[in-house]
Amino acid sequence: MKTTSFNPARFAPPDASETVRHLQETWAATLRGEPSPIAPRPVIGQSWQRVKRFGVDPEQSTDSVLLQTDELEHRRTSTALADVMPILSGGLGSVADASLQIMVVTDADGRVLWREGNAGVLRRADTICLEEGAAWSEDTTGTNAIGTALSAGAPVQVHSAEHFVRTLHDWTCAASPVHDPRDGRLLGIIDVSGPDSTFHPATLALVDSVSQLAESELRSRHLTAIERLRAVAAPLLCRLGGKALVVDTNGWLAAVTGMPPVDRVALPNSFGAGRVWLPSLGMCVAEPMPGGWLLRVTETDSAGCASRVVLDLGEPRRPRATITGAAGSWAQDLTPRHAELLYVLAVHRQGRSAAQLAVDLFDDPTRTVTVRAELSRVRRRLTGLLDHRPYRFREEVEVEVLLPADPLDLLPHSTAPAVAEARTGQAGTARPH
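Heads up: the sequence shown begins at 296 in the working numbering, then just goes up one per residue.
Right, dumping it as structure tokens:
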């Protein structure tokens with residue numbers, strides 16, 4: 296499920312008229328802190344700023360400590376990307392080979408899990424440590440398509456001297472994120488890399504199309520798994536009284552009895568059998584099933600309502616909320632949009648109208664329908680935390696926001712005006728309440 300729309304004009308590399316020499320001049324002038332005749336593209340300029348803050352040296356090598364064999368194999372077998380490798384190989388591997396390039400697949404940390412393609416380019420890739428188990432996040436290797444796609448959350452092509460580290464100036468690469476359609480979580484990056492002479496402007500569109508094809512295959516597999524779970528769950532629920540439902544391991548509904556159906560139940564990150572309070576259901580008894588969980592609702596009162604929320608935005612690519620109440624604590628990963636909304640509401644404890652939130656998120660007071668729809672989803676997933684008219688955290692709920700060490704790393708994917716202002720210190724900082 297793509298969380299960021301793909302705008303080729305924004306993320307594609309310079310057109311053919313912009314020569315490598317111009318890119319080299321721009322790179323050199325930027326490092327000297329001098330103005331250059333041609334400014335870097337915004338996605339590249341923003342990446343250069345980030346890697347400078349990370350302390351990356353433009354003259355360093357791109358070597359990194361490789362994953363141990365057992366750790367590499369563990370990451371391969373535990374990712375859903377393994378299920379779509381035949382699609383990736385068929386859609387990109389052969390094309391990369393024929394065009395003197397290689398295909399690289401990484402996990403969400405930027406660690407290379409697989410690579411294939413032209414034998415000569417594979418050998419050349421070894422010299423820059425573009426090999427299985429290597430780290431290619433921006434903080435390790437500077438601006439590159441893999442790391443920058445991770446940071447930007449969008450498809451990116453990086454050509455020649457757009458790379459921050461000089462060692463990579465002879466390379467061109469195009470990369471696109473792949474997300475898990477079950478929960479929107481980033482699975483990793485698909486990349487095509489090769490010598491700068493192999494650059495083609497259509498490579499980025501091809502890579503992004505294949506990443507979408509991979510997500511489509513994962514979505515199809517998920518629907519098939521839900522159907523299998525439903526076949527097992529339906530006769531079981533027929534024998535039960537009261538309210539009960541069966542969900543898969545990600546909370547997606549397979550069957551329900553005694554209550555209205557829901558699309559998905561938000562499950563804590565650490566979830567197990569026994570009595571558990573769930574924000575959308577109340578107190579339940581959870582029992583494991585093959586491929587999912589049977590949830591029997593036992594109470595509907597508010598005994599387990601939350602009293603404290605910690606909104607953790609310290610890790611740029613993984614916003615999450617930790618909810619604490621009488622029944623214990625649980626953590627929930629947040630979508631980028633929900634993280635934006637909760638951040639704004641944490642800053643404005645007095646509340647915001649739909650129109651105000653539309654300005655905060657889109658700089659457009661007319662987009663209230665979108666805001667209300669997103670808030671409806673948030674309130675269903677975090678029952679008992681938010682009031683409306685105006686939208687705000689309930690007064691009795693204690694709210695704490697954990698911010699990144701550098702304000703510029705606050706929700707780096709976000710283009711919301713309220714977040715952009717906070718990055719530059721033009722907005723108030725959230726405090727514990």
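We put the beta carbon where it would ideally sit given N, CA and C, even for glycine. Quick caveat, the model's predicted, so the values are computed rather than measured.
(message) Considering only DSSP beta bridges, list what leucine 681 is partnered with.
(response) Numbered from its first residue, the sequence shown carries residue 681 at position 386. Answer is Phe688, bridged to leucine 681.
(request) Check each candidate in Trp431, His458, Asp378 and name the one with the smallest Cα separation from serine 342. (result) If you number the sequence shown from 1, residue 342 lands on position 47. Nearest of Trp431, His458, Asp378 to serine 342, Cα basis: His458.
(request) Find out if the Cβ-Cβ distance for the pair aspartate 491, alanine 470 is shorter than 8 Å. (result) Working through the sequence shown from its first residue, we reach residue 491 at position 196. Working through the sequence shown from its first residue, we reach residue 470 at position 175. It is not a contact, given that the beta carbons lie outside the stated cut-off.
(message) As a quick exercise: from Leu532, Leu361, His454, Leu417, pick the residue whose alpha carbon is nearest that of valine 551.
(response) As a working mapping, residue 551 is identified with position 256 in the sequence shown. Nearest option by C-alpha distance: Leu532.
(request) Give the single residue among Val505, Leu589, Asp558, Val694 whose Cα lies nearest to the Cα of glycine 537. (result) Along the sequence shown, one-based indexing puts residue 537 at 242. Cα-wise, what sits closest to glycine 537 is Leu589.
(request) Report the three-state DSSP secondary structure of arginine 603 (helix, strand or coil). (result) Counted from its first residue, the sequence shown places residue 603 at position 308. Correct three-state label for arginine 603: strand.
(message) Assess contact between the stretch 614-628 and the stretch 640-658, defined as three or more Cβ pairs (one per stretch) separated by less than 8 Å. Is contact present?
(response) no
(message) What does the alpha-carbon distance come out to for the pair leucine 395 and alanine 414?
(response) Taking the first residue of the sequence shown as 1, we reach residue 395 at position 100. Taking the first residue of the sequence shown as 1, we reach residue 414 at position 119. Rounded to the nearest angstrom, the two C-alpha atoms are 9 Å apart.
(request) State buried or exposed for serine 515, treating a residue as buried only when at least 16 other CB atoms are found within 10 Å of its CB. (result) In the sequence shown, the residue the question calls residue 515 occupies position 220. Under this definition serine 515 is an exposed residue.
(message) Please classify valine 714 as buried or exposed, where buried requires at least 16 other C-beta atoms within 10 Å of its C-beta.
(response) The count along the sequence shown starts at 1 and reaches residue 714 at position 419. Answer is buried; the Cβ neighbour count reaches 16.
(request) With distances taken Cα to Cα, identify the nearest neighbour of tryptophan 322 among Arg418, Thr462, Pro707. (result) Here residue 322 is taken as the residue at index 27 of the sequence shown, counted from 1. When only C-alpha atoms are compared, the closest one is Thr462.
(request) Compute the Euclidean distance between the alpha carbons of valine 451 and threonine 357, then round it to the nearest angstrom. (result) As a position in the sequence shown, residue 451 is number 156, starting the count at 1. As a position in the sequence shown, residue 357 is number 62, starting the count at 1. Each residue's Cα considered, the two are about 19 Å apart.
(request) Output the boundary residues of the beta strand (DSSP E) element that contains aspartate 475. (result) The count along the sequence shown starts at 1 and reaches residue 475 at position 180. Element bounds for aspartate 475: n/a, residue is neither H nor E.
(message) To the nearest angstrom, how far is the alpha carbon of methionine 554 from that of aspartate 421?
(response) The count along the sequence shown starts at 1 and reaches residue 554 at position 259. The count along the sequence shown starts at 1 and reaches residue 421 at position 126. Distance between the alpha carbons of methionine 554 and aspartate 421 is about 58 Å.
(request) With DSSP collapsed to three states, give me the class of leucine 589. (result) Within the sequence shown, numbered from 1, the residue matching residue 589 stands at position 294. Leucine 589 sits in a strand when the DSSP states are folded into three classes.
(request) To the nearest angstrom, report how far apart glutamine 363 and phenylalanine 688 are at their CA atoms. (result) Here the question's residue 363 lines up with position 68 in the sequence shown. Here the question's residue 688 lines up with position 393 in the sequence shown. Whole-angstrom Cα-Cα distance: 45 Å.
(request) Using three-state DSSP, classify histidine 643 as helix, strand or coil. (result) Taking the sequence shown and counting its residues from 1, one reaches residue 643 at position 348. Histidine 643: coil per DSSP, three-state reduction.
(request) Report the partner residues of threonine 619 according to the DSSP bridge assignment. (result) The sequence position of residue 619 within the sequence shown is 324, counting from 1. Answer is Arg603, Ser624.
(request) Out of Val605, Ala641, Arg647, Leu367, point me to the one whose CA is closest to aspartate 628's CA. (result) Counted from its first residue, the sequence shown places residue 628 at position 333. That would be Val605, whose Cα lies nearest to the Cα of aspartate 628.
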